[in-house]
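What follows is a set of notes on a single structure, which appears directly below.
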Amino acid sequence: MSEMTDYLLLLAGMGLVTYLPRWLPLHYLSRSSFPEWFVRWLELIPAAILSAILLPALILDGEPRHLDLLRPEFFVALPTFAFAWWKRSLGGTVVVGMLLFWLAGKIEPQMFGWL
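Heads up: the sequence shown begins at 30 in the working numbering, then just goes up one per residue.
Put into C-alpha cells, the structure is as follows:
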C-alpha cells in the first residue's frame, strides 16, 4: 500500500472511532423515554466532569501537589463562578472569565508570571 492509502485508511478509521460511539447511543436511545430524575441527573454530568478537571488546576500547586488557595487563578475563578451562577450563560461566563484573567494579568503581572 502507498503512503497516501495508509493515510486515508487512518483518517477513515479515526472518523469511524469518533462517530460510532456518539451515534449508536443516540440512535438506539432516541426512541426511549427516561424518567425525569434520570434526565436531570444526566444533565449534571458535563458540569461534574468540568469541575473534576478544573478544580485541581485552580487550587493545587507544585510537585508534589499541595493545596494553595492563594493562587491567582483561583481568585479569577471565584467571580467567574458567581457570574455563571447568576446569569446561567455559558458564553457570558467564558467571556467574563477571559476578561477577568486578562485584567488580572494587566493589573498585577507578577501574579501570572507565565503570561
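Every residue, glycine too, gets a C-beta built ideally from N, C-alpha and C.
Within-8 angstroms CB hit, residue i to chain B
i: S31; result: This model lacks chain B altogether; it includes just one protein chain.
Residue from the options whose Cα sits closest to the Cα of residue i
i: H83; options: V68, F103, G120, L128; result: Position check: residue 83 holds Leu in this sequence, whereas His was assumed. Of the candidates V68, F103, G120, L128, the one whose C-alpha sits nearest the C-alpha of L83 is F103.
i: S80; options: L98, S61, F110; result: F110
i: A76; options: M30, S31, R117; result: R117
Presumed contact (8 angstroms Cβ cut-off) between residue i and residue j, rounded CB distance
i: A133; j: T122; result: Actually they do not touch by this definition, with Cβ atoms about 16 angstroms apart.
i: R100; j: I88; result: 7 angstroms
For residue i, the first and last residue of its enclosing alpha helix (DSSP H)
i: F63; result: Run containing F63: none; DSSP gives neither H nor E here.
i: S80; result: 74-88
i: L145; result: It is not possible to answer for residue 145, since the shown part of the chain is limited to 30 through 144.
i: P93; result: Segment: none, P93 is in no alpha helix (DSSP H) and carries neither H nor E.
i: L98; result: Segment: none, L98 is in no alpha helix (DSSP H) and carries neither H nor E.
For this session: Would you be able to state if there are at least three C-beta pairs under 8 angstroms between the segment 125-134 and the segment 88-106?
Result: yes
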